[in-house]
Amino acid sequence: MTPGVFLALTATVAVAALTPGPAVTAIVARAIADGPRPAMAINAGVVTGDLLFFALAAAGMAAAARSFGDFFAIVKILGALYLVWQGVSLWRATPRIAAPAGTSHENHFWRNYGAGLLLMFGHVQAMLFYAALMPGFVNLSTLTWGDLGLLALMLLVVIGGVNTGYALLAARARHFFANEPAQRAILRVAGTLMFVAAALVVTRV
């Protein structure tokens, strides 16, 4: 893999990561509602899903994975329902203006990590993105383990970094609102974003 190909792949992935989709929307919603830690847990689940899709593409299994359309349709619906449930929970939540750090039920790492991973498993477009992207840039049969490791690291840094930026910006914005009415409004904005993320999951191919 030449440096030019690597840079082209990196630029393509960066543009895709910067384009808001279901994952970014869910991360921003969680950061607005509960701060950066829960949002970073969702981010970890999303990046894990991206790495799994990359591994499928690199192994030449992406085409075979398309045959499991019914399975992914079910997972997509489950992921959307989970996001809707999160949205309803945020709309009904009581503002926690002075809640001690780490006491929120939503701060549970594995719960949020699982939400990010489930979201990606239902995001068939992301899988097809890697299935089309990889062969378009490189001959998969000629990639070395070093090339694969470098690409995986690039995905981790670019996608994880972009999502982290979104999470930190959203979490920073919530600190400007310290009174209860403002906190309630923030929770409802976050809940609405969860509904938007659910809609994106369902409507994207």
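Under my numbering, the first residue of the sequence shown carries the number 35, and numbering increases by one thereafter.
The beta-carbon is built from N, C-alpha and C at its ideal position, and this holds for glycine as well.
>> According to DSSP, is G69 part of a helix, a strand, or is it coil?
In response: coil
> Would you say A114 and G150 are within 8 Å of each other, going by their C-beta atoms?
Replying inline: no
> How many Å lie between V81 and I193 at the Cα?
Replying inline: 7 Å
>> What ranges does the alpha helix (DSSP H) occupy inside the region 35-91, keeping only unbroken runs of at least 4 residues that lie completely in it?
In response: 37-52 and 56-68
> Relative to the C-alpha of Y116, which residue among L86, L90, L152 and W144 is closest?
Replying inline: L152
> With a CB to CB cut of under 6 Å and the five nearest residues on each side skipped, what residues in its chain are close to A224?
Replying inline: A63, I66, A67 and L124
> Distance, Cα to Cα, L177 vs A186?
Replying inline: 12 Å
> Does the beta-carbon distance from F228 to G148 come in below 8 Å?
Replying inline: Correcting the residue identity first, residue 228 is Met in this sequence and not Phe. Not a contact, by the Cβ cut-off of 8 Å.
>> Quick check: L43 and F171, are their CB atoms within less than 8 Å of each other?
In response: yes
> Quick one: what's got a C-beta closer than 8 Å to A207's C-beta in the same chain, skipping five residues either side?
Replying inline: I66
> Rounded C-beta distance between L272 and M161? I'm assuming under 8 Å.
Replying inline: This structure gives no information on residue 272, because the portion of the chain shown stretches from 35 to 239.
> Roughly how many angstroms separate the alpha carbons of G136 and V39, rounded to a whole number?
Replying inline: Per-residue confidence for G136 stands at a pLDDT of 44, beneath the threshold of 50, marking its modelled position as unreliable; no derived number is given.
> In whole angstroms, what is the alpha-carbon distance linking G195 and L52?
Replying inline: 10 Å
>> Spatial neighbours of A231 within its chain, please: C-beta separation below 7 Å, excluding the five flanking residues on both sides.
In response: P56, T59, A60, A63 and L117
> In whole angstroms, what separates the C-alpha of T108 from that of V236?
Replying inline: Note that residue 108 is Ile in the sequence shown here, rather than Thr. Looking at the two C-alpha atoms, the distance is approximately 11 Å.
> Going along the chain, which residues of its own chain have a beta-carbon closer than 6 Å to the beta-carbon of A48, five neighbours each way excluded?
Replying inline: V192
>> I'd like the list of long-range same chain contacts for L182, defined as Cβ closer than 7 Å, with 5 residues on each side in sequence excluded.
In response: A92
> A207 lies in the alpha helix (DSSP H); which residues open and close that run?
Replying inline: W179 to R208
> Which residues in the same chain as G79 place their Cβ atom closer than 6 Å to its Cβ, once the five residues preceding and following it in sequence are excluded?
Replying inline: Y147, G150 and L151
>> Our contact map puts F88 next to L189 with C-beta atoms below 8 Å; I'd like the distance itself, whole angstroms only.
In response: 6 Å
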